[in-house]
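Under the working numbering, the very last position in the sequence shown is 829; numbers go up by exactly one each time. For reference, the structure discussed in these notes is given below.
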Amino acid sequence: MAFLSDDALQDAQAAWRRLDVSLLSGARPWKEFFEVFKPSSGDLEKRMSTNLLHYKTNYAQIALGVVVLGFLAKPSALLGLALAAATACGLLTAPVSRRFIVIGGARIPINNTSRALAATASAIVVLVLFRVLLWLALISCLALLLPLAHMALRPRTLAAKYNAATDEVRSLWGSGTGARDPEDPEAGTVATSASPGGDGLTARRGRGNSM
């Protein structure tokens with residue numbers, strides 16, 4: 619049984635190529651990234667979504683750095699993770715000749731669900747035996763929480779607001795209306811206009827200070 623179909627494999631390769639390009643280009647200057655932090659005085663959801671769009675490459679690099687440093691600090695975690703992955707893949711792809719197994723008098727069918735549960739349980743057992751399960755959980759939490767903390771504490775810059783508004787303009791291009799959130803007056807107004815040929819787009823940035 620093939621673990622990944624040809625289409626799924628091609629999609630994974632395309633996603634990896636896009637991720638590789640995004641990690642190497644598009645990062646904002648780190649001086650700007652760490653410039654100022656303060657609690658949100660407005661809509662936290664808008665701040666976090668705007669910062670995610672503006673600093674997404676920086677967040678990806680931070681998460682990757684945390685993972686690399688975690689494996690360098692404890693190399694056995696990488697070995698345990700590799701063995702756990704190999705065990706899980708082996709259970710998922712190994713051919714079976716029987717359709718049922720009997721455990722304690724219970725007849726359990728061998729299907730995709732049971733194989734997935736067995737693979738997950740086996741991977742966890744391997745990580746526990748290598749004593750790296752908690753370490754991997756700590757690395758994952760840090761890789762997630764550090765970007766989330768920055769999203770919540772970094773005030774939105776005018777450039778970040780403009781980039782978010784530009785994305786909204788693209789989503790509203792078909793309607794031909796201006797993009798502005800009436801509940802977010804500091805985000806500014808973006809007005810759109812199309813050239814006579816229908817292939818031009820003009821975006822005007824409104825005034826606004828960092829929140």
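Glycine included, C-beta positions come from ideal geometry on N, C-alpha and C.
Separation of S667 and G722 (C-alpha to C-alpha, rounded to the nearest whole angstrom) is 51 Å.
Between W648 and H672, the alpha-carbon positions lie close to 13 Å from each other. Short of 8 Å from the beta carbon of A741, and not among the five residues preceding or following it, lie these beta carbons of its own chain, in chain order: A702, A703, T705 and A706. A distance below 8 Å separates the beta carbons of L745 and G698. In this structure, A770 sits near S658, with a CB-CB distance shorter than 8 Å. In this structure, the beta-carbon distance from I680 to L754 does not fall below 8 Å.
C-alpha of A778 to C-alpha of A734: approximately 42 Å in a straight line.
Collapsing the DSSP output to three states places A724 in a strand. Secondary structure note for G688: its alpha helix (DSSP H) is the uninterrupted segment K674 to A691. Taking C-beta atoms under 8 Å as the contact rule, P773 and K692 fail to qualify, at a distance of about 36 Å. Of the other Cβ atoms in all chains shown, 16 or more fall within 10 Å of the Cβ of I757; this residue is therefore buried. A straight-line Cα-Cα distance of about 17 Å links L690 and C759.
Secondary structure of F651 (DSSP, three-state): helix. As DSSP reads the structure, I719 sits in a beta bridge with I726. With a 10 Å radius around the Cβ and a threshold of 16 neighbouring Cβ atoms, T731 comes out exposed.
Cβ-Cβ separation between A761 and V685: approximately 6 Å, consistent with a contact (criterion under 8 Å). Between the alpha carbons of L670 and G644 lies a gap of roughly 13 Å.
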